[in-house]
Amino acid sequence: MDQQFEKWKKATLLWVALFSIGLFCLVIVLLLFSSLLHIQEINVQRFNSRLDVEKVQRVLSPLFDRHIFFVQEGEVKLLLNDGIPDIKDVRLQKEYPSKLSVAIELHPIVARLTIVNPDEDEEELTSTGAIADYVTDHGIYVHAITQEGERYPMIRLVDWGVRPMPGEAIVSPEMLMQMQETETELRKQFGHEISIRSIYQRGREYHLFVDGISLWFDMRSSVEQHLRRYRIFLQNVPREEVKQYIDLRLTDRVIHR
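Numbering-wise (this note's numbering), the sequence shown opens with residue 1 and increments by one.
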């Protein structure tokens, strides 16, 4: 009797196990092939008003009708970075059964940009240059409507015939970073306030206009090296002798006019 019961128990457990496995496989198959889990909606959360939600929807349109389980954050980032160059961060959240929520953060604007010709006087901000809106901290040129009261420093990009398109990298981020660091140190160490900032992209140099004098810097030397030359120059040359510029780019001497 006990042996028959054990056989019946084992057979029952086997059938229950087989049924459970079969049911599990059936559920998996239904989930994989069910249209209920195909993406039908993409919600875009933006942290900056300049993000074009309609453009984001167009860029992400290949994801529609895809199975939500197989869409990964890396794929979404790749699509967005190809279509919208000034994206800083992307976060993806899946809302089952068929909705994606995408949070997008853009690189911040750091300056207003104007393009001028090389023969224009540096003291003039420009009356003929084409206003090129704004530049982000990664050197991306953007059109933007800023909030009332927002103020950004002006950068003059000195070059012939530059006609940037929105989303185009127009200034190297390394140069922007070094120029900002130079401006900070000039204010901190010498009390200078910058009135005009000029970038010469082809020569990889930038000029900062302070108190009627243009200070010339480049990317071949560090901020510390430039300021050391400037400090030594001020110790040896009376300020009133300088009328136009101080060239701090050379390693062995400082030229002024």
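By construction, the Cβ of each residue, glycine as well, lies at the ideal position given by its N, Cα and C atoms. These numbers were taken from a predicted model, which means no experiment stands behind them.
- In this structure, the straight-line span from the alpha carbon of Ala103 to that of Gln57 is close to 12 Å.
- Excluding residues up to 5 positions away in sequence, Arg112 lie with their Cβ nearer than 6 Å to the Cβ of Met154 in the same chain.
- One thing to note: Ser221 has its Cβ no nearer than 9 Å to the Cβ of Leu208.
- Asp52 has no beta-bridge partner at all, per DSSP.
- Looking at the backbone, the Cα of Arg202 and that of Glu174 are separated by about 14 Å.
- In this structure, His67 lies away from Asp86, with their beta-carbon atoms at least 9 Å apart.
- Separation of the CB atoms of Leu36 and Ser101 is rounded to 18 Å, and the pair is thereby denied contact status at 8 Å.
- Annotation for His226: no beta strand (DSSP E) segment contains it, though the alpha helix (DSSP H) segment containing it runs Val223 to Asn236.
- A straight line joining the alpha-carbon of Lys77 with that of Arg257 spans about 51 Å.
- Counting only residues of its own chain and dropping the five nearest sequence neighbours on each side, Tyr245 has a CB closer than 7 Å to the CB of Ile213, Ser214, Trp216, His256 and Arg257.
- Just so you know, the alpha carbons of Ile194 and Tyr96 end up roughly 53 Å apart.
- Taken atom to atom, the span from the alpha-carbon of Met219 to that of Arg249 is near 9 Å.
- Put simply, the backbone Cα of Gln235 is about 44 Å away from that of His143.
- Here Ile21 is exposed: its Cβ has fewer than 16 other Cβ atoms, across all protein chains shown, within 10 Å.
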